[in-house]
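Just below is one structure, and these are the notes that go with it.
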Amino acid sequence: MNPAQFPRLLQDRPEKERRHWARWVLGSHSDQFIPEMNEFVANLDRHDPIHSGTPCLNPGPRADDVIVLACNRGRHCVVVDRPPCCRVVLFDYTGKGVDASANPHGWPVISTATEGKGQIMEESCRQLGLPPEGHYMGFIDDDVMVGMGDLHRLLGIARVFNLSACQPAVSLTSSLSREYGFLRHRAGMPLHRVPIVEAMTPFLRRELLKLSLPFLPGIRSAYGFDRFALPLCAAHLGIWRFAAVDAAMMAHVRPMSSQSVRLSNGLLCREEELLMRYRLTATIGMFDPRNPDYLRLEDVASSKPPGAI
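Last residue of the sequence shown: 309 (the UniProt record's numbering), numbering continuous.
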């Protein structure tokens with residue numbers, strides 16, 4: 001992609017702030033930037049507490065919210081313990097379609113062969129469009145077990161507490177709980193503040209999704225989108241209010257996939273993440289977009305084998 005196609009972020013902010021983000025996004029390891037992000041949002045919470053909410057009309061799902069359920073020809077782990085009060089769409093990532101018998105609720109189906117969550121999110125937004133202002137779009141992996149009633153509760157909490165991004169808190173048995181302990185379920189709380197929401201099951205408000213989506217093309221795995229693009233775009237908009245919703249817990253029923261998977265464009269997931277980091281650091285004016293390694297990764301990521309989306 002042409003670097004000029006990406007939104008320009010933080011251009012009106014002091015250079016010190018942009019350098020701070022450049023170090024987080026490109027110049028540090030997760031052992032460093034994740035604890036620092038945690039500390040930063042803890043400081044945010046002192047003057048903008050995540051537990052401070054506002055009563056609102058219909059604090060729950062609305063008809064134009066969208067939940068995209070990734071599935072393997074109809075197979076997923078969302079328990080329909082109550083009828084959904086918003087749009088639900090099945091995304092069959094095999095591209096082979098979903099038989100009527102595998103779709104008992106009659107939900108709309110997108111069936112496109114994809115390699116990772118990045119493609120699922122991008123293709124969903126392309127086919128469905130973005131939700132209206134003030135509405136949310138959620139993207140749930142097929143191995144995330146959660147109840148529809150929990151998702152209703154999550155959307156209500158998102159509205160009352162003015163969240164720009166959220167996800168169900170993760171169970172202690174989930175592999176994600178070990179990697180991202182800050183997402184772990186906390187008893188006795190409706191929600192708690194987090195620096196990032198994971199690509200496994202993010203719910204994103206329209207304005208955040210709209211600003212961050214242009215950074216996603218070519219990032220088939222979605223690596224780097226959750227850890228870097230979403231927080232940076234939220235900071236640019238002044239809406240970095242991310243939460244794990246403890247009142248809606250999820251379980252991840254499969255181990256996390258390997259980071260050494262090589263995608264059909266020839267890149268490893270971690271190389272896609274590096275490309276995302278280059279894009280974001282360039283868009284805040286702290287990285288030269290003429291860098292040869294960056295241009296190489298952009299060229300490789302844009303390649304499409306026959307039949308790919």
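Glycine included, C-beta positions come from ideal geometry on N, C-alpha and C.
Predicted model, so just to flag it, every value in this text is computed and none were measured.
Span of the beta strand (DSSP E) holding residue i?
| i | result |
| --- | --- |
| G118 | G118 -> not in any beta strand (DSSP E); alpha helix (DSSP H) instead, spanning K117 to L128. |
| V170 | A165 to V170 |
| R206 | Looking at the DSSP string, R206 is not in any beta strand (DSSP E); the run it does join, the alpha helix (DSSP H), is R206 to S212. |
| C71 | V66 to C71 |
| A247 | F242 to H252 |
| G138 | Y136 to I140 |
Assuming contact is defined by CB atoms lying nearer than 8 Å, are residue i and residue j in contact in what I supplied?
| i | j | result |
| --- | --- | --- |
| V66 | R87 | yes |
| R153 | A247 | yes |
| E298 | L274 | no |
| F215 | F6 | yes |
| P68 | M148 | The question names Pro, but residue 68 is Val in the sequence shown. No, the pair does not count as a contact, with Cβ atoms beyond the cut-off. |
| E198 | L176 | yes |
| I284 | W107 | no |
| A282 | P289 | yes |
| V78 | A169 | no |
| L208 | L280 | no |
| F242 | V25 | no |
| P83 | P61 | no |
| D122 | P55 | Looking at the sequence provided, one finds Glu at residue 122 rather than Asp. Contact flag unset, no. |
| P132 | R205 | no |
| P59 | G129 | no |
| Q167 | T201 | yes |
Specify, as a first and last residue, the run of the alpha helix (DSSP H) that residue i falls within.
| i | result |
| --- | --- |
| L274 | C269 to T283 |
| M37 | S30 to H47 |
| V160 | M148 to V160 |
| Y223 | Looking at the DSSP string, Y223 is not in any alpha helix (DSSP H), and its letter there is neither H nor E. |
| Y294 | P292 to A301 |
| V25 | E15 to V25 |
| R184 | Segment: none, R184 is in no alpha helix (DSSP H) and carries neither H nor E. |
| C233 | L230 to L237 |
Residue i and residue j look like a contact to me (Cβ under 8 Å); what is the Cβ gap, rounded to whole Å?
| i | j | result |
| --- | --- | --- |
| Y136 | F203 | 5 Å |
| M1 | S302 | 6 Å |
| V41 | G74 | In fact, because the Cβ distance is near 38 Å, the residues do not count as touching under 8 Å. |
| N38 | F182 | 6 Å |
| L9 | H236 | 4 Å |
| L213 | C125 | 6 Å |
Practice item. Indicate whether the contact test is met: 3 or more Cβ pairs, each with one atom in the region 33-50 and one in the region 189-199, closer than 8 Å. Key: yes
Check your understanding: How about the region 86-104 and the region 180-187: do they share at least three Cβ pairs that are nearer than 8 Å?
Key -> no
Check your understanding: Is the region 247-259 in contact with the region 137-145, if contact means three or more CB pairs nearer than 8 Å?
Key -> yes
Practice item. Report yes or no: do the region 117-125 and the region 211-230 share at least 3 C-beta pairs separated by less than 8 Å? Key: yes
Exercise for review: Determine contact between the region 146-163 and the region 265-273, defined as no fewer than three beta-carbon pairs at a distance below 8 Å.
Suggested key: no
Check your understanding: What are the uninterrupted segments assigned as beta strand (DSSP E) that are 3 or more residues long and contained completely in the region 77-108, given in chain order?
Key -> 87-92
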